[in-house]
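Per our numbering, residue -16 is the first one in the sequence shown, and the count goes up by one each step.
Glycine included, each C-beta is placed from N, C-alpha and C at the ideal position.
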Amino acid sequence: YSMDGDVAPLTSILNLAAKFGAKVVVDEAHGLAIYGRSIKEDLMDSPVSSQDFSQKCSRRSMTIRRCKYGGTGVLAALELENHKNLLASVHTFGKGAGCHGAVVCGSSVLRAYLWNYARPFVYSTALPMHSLVAIRTSYETIIGLEGEYLRQKTFKLVRLFRSIVSKVLSSTEIKLCPSTSPIQALIVPGNNICVDLCQKMFDGYQIRLYPIRAPTVPAGQERVRIILHAHNTPDQVRYLCDGLSNTLKETGFIARARL
-16 YSMDGDVAPL TSILNLAAKF GAKVVVDEAH GLAIYGRSIK EDLMDSPVSS QDFSQKCSRR
44 SMTIRRCKYG GTGVLAALEL ENHKNLLASV HTFGKGAGCH GAVVCGSSVL RAYLWNYARP
104 FVYSTALPMH SLVAIRTSYE TIIGLEGEYL RQKTFKLVRL FRSIVSKVLS STEIKLCPST
164 SPIQALIVPG NNICVDLCQK MFDGYQIRLY PIRAPTVPAG QERVRIILHA HNTPDQVRYL
224 CDGLSNTLKE TGFIARARL
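Dropping the structure here:
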């Protein structure tokens, strides 16, 4: 879910669907380009390794075998693409792929049905050729060596961020969502407090964080949503964490929690 950065328990859901004769549609909006067969271990929490940034991740050190099926989503990571109770998966191209549009993956019967009866598809304009070329080029990058390199780098940044911020928040009332994905969130209850924290981060550190306020999320679950990208550096992540630590002290969160 995009507000928490967590991953649905797809194996349990599909097995439950099999028990009751149901079908499941999986939204891979945040899975495409991020997860895949080669990134299965990153679906589970793991501490940052001391070697994560002591050695640079080399594109040349990777093999085609490791990259195969890389970046095609959570279903691929869990090897559930051919589960008998999976009706379809929806892959959007506007996030990890960096384009726009989407595709529905399913059986030939499902595709024929959508071609003929899905009103949003029937009455929409086809993507222009330059969009199709962009999507294909992006997909080739996603499943290739470059995509694998970028995924490995991104998840190293995620582990680095979590290892530092967990220590910073250990003495505060603010909680870090248990996400192992590039989507990270700090629960900062109260709309005004959440907005104030983000504004102080921009004023003091020129870091633009966005407050997610109620009613977008339930009252009391307001949060600062942070997205880590492959183009970020370890130093930028450390700067972000230092800024959060200092801002929390300035706003009284750390001091208040220690009283």
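- When DSSP reads this structure, Arg206 sits in a beta bridge with Ile170 and Ile195.
- In the DSSP assignment, Gly89 is bridged to Ala71.
- For a cut-off of 8 Å, the C-beta gap from Leu211 to Val141 is around 6 Å, short enough to register as a contact.
- Thr55 and Glu233 have their C-alpha atoms roughly 43 Å apart.
- Around the beta-carbon of Met112, fewer than 16 other beta-carbon atoms lie within 10 Å, marking it exposed.
- Straight-line measurement puts the Cα of Ser72 at about 13 Å from the Cα of Leu(-3).
- A Cβ-Cβ contact shorter than 7 Å links Gly81 with Ser121.
- Assigned with DSSP and collapsed to three states, Val116 falls in helix.
- The residue among Gly(-12), Ile126, Ala101 and Lys67 with its C-alpha nearest the C-alpha of Thr(-6) is Lys67.
- Nearest to Ala12 by C-alpha distance, out of Ser21, Gly(-12), Lys2 and Leu(-1), is Gly(-12).
- Contact between the region 186 to 193 and the region 1 to 19 is not established, with fewer than three Cβ pairs separated by less than 8 Å.
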